[in-house]
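Residue numbers (the working numbering), protein chains in the order written: chain A, 2 to 118; chain B, 242 to 353.
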Amino acid sequence: DTEVTQTPKHLVMGMTNKKSLKCEQHMGHRAMYWYKQKAKKPPELMFVYSYEKLSINESVPSRFSPECPNSSLLNLHLHALQPEDSALYLCASSQEDGGSWGTDTQYFGPGTRLTVL
Amino acid sequence: AQSVTQLDSQVPVFEEAPVELRCNYSSSVSVYLFWYVQYPNQGLQLLLKYLSGSTLVKGINGFEAEFNKSQTSFHLRKPSVHISDTAEYFCAVSGSARQLTFGSGTQLTVLP
């Protein structure tokens with residue numbers, strides 16, 4: 002099973018709302034990622050978790066708050082977003098078995114389409 | 242630092258014709274190269290990857306790619322495309338860091 006699931010599929014929120022995106026994988030992967038993808042653009046890395054600890058934060062604004070409650074689950078908490086934050090948010094996971102990091106394949110979920118009004 | 246250039250933003254091609262999507266990379270260290278496909282309103286799916294060994298890599302859905310170190314290229318090819326191959330294709334590179342660096346993408350449109 003190479004499936005990464007994401008909920009919700011679509012989300013519309015106002016600038017004062019608080020919402021969360023959820024990502025789950027049951028492949029035993031120990032690295033999980035959040036990406037942001039604007040229309041007709043490649044994914045941009047936001048955060049990387051390795052063994053449930055935040056290892057990379059690509060200077061993402063604090064209105065985005067990641068959380069990794071366990072090795073299978075990754076959340077992205079959203080608060081006071083701006084309209085320009087509207088995008089497809091993709092979650093990915095990879096094995097992270099202690100070998101060469103660059104060789105790991107990242108498996109992507111279907112994404113959450115976020116619209117900020 | 243590493244970077245990826247996809248030379249063609251859009252490639253239209255007729256059904257059953259061959260196609261080549263071009264990808265060039267730059268990196269100061271050993272590279273690992275990937276091609277991903279993204280269908281409309283979906284996530285990314287791995288087509289194939291080059292880590293080491295044979296420079297000709299075969300992937301899913303009849304796609305293949307050739308790693309050329311001297312030309313720093315990793316072009317994607319398919320001998321005969323189908324309507325269902327219409328999608329966005331991303332070339333990506335990773336090195337010793339955990340990060341994937343993506344190219345800007347190529348929209349492949351297969352025409353009937």
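The C-beta atom is built at its ideal place from N, Cα and C for all residues, glycine as well.
In this text, all values refer to a predicted model and were calculated from it rather than measured experimentally.
Counting only Cβ-Cβ distances below 7 Å, residue 317 (chain B) has no contacts in chain A at all, with the closest Cβ about 15 Å away. Annotation: residue 90 (chain A) to residue 76 (chain A) spans about 11 Å, alpha carbon to alpha carbon.
A distance below 7 Å separates the beta carbons of residue 300 (chain B) and residue 288 (chain B). Boundaries of the beta strand (DSSP E) around residue 50 (chain A): 45-51.
Note that the stretch 24-44 of chain A touches the stretch 65-79 of chain A; at least 3 beta-carbon pairs, one per stretch, sit closer than 8 Å.
With respect to chain A, the C-beta atom of residue 287 (chain B) has a partner C-beta closer than 7 Å. Cα atoms of residue 14 (chain A) and residue 284 (chain B): separation of roughly 22 Å, rounded to the nearest angstrom. Under the three-state reduction of DSSP output, residue 70 (chain A) falls in the strand class. Within the stretch 246-261 of chain B, contact with chain A at the beta-carbon level (separation under 8 Å) is assigned to no residue. Annotation: residue 257 (chain B) is outside any beta strand (DSSP E) and is labelled neither H nor E by DSSP.
Counting only the Cα atoms, residue 39 (chain A) lies some 20 Å from residue 334 (chain B). Of the residues A:87, A:86 and A:35, the one whose Cα lies closest to the Cα of residue 25 (chain A) is A:35.
For residue 68 (chain A), the CB contacts under 7 Å within the same chain, skipping 5 residues up- and downstream, are 76 and 78 in chain order. Below the 8 Å Cβ cutoff, chain A contributes 106 as neighbours of residue 290 (chain B), in chain order.
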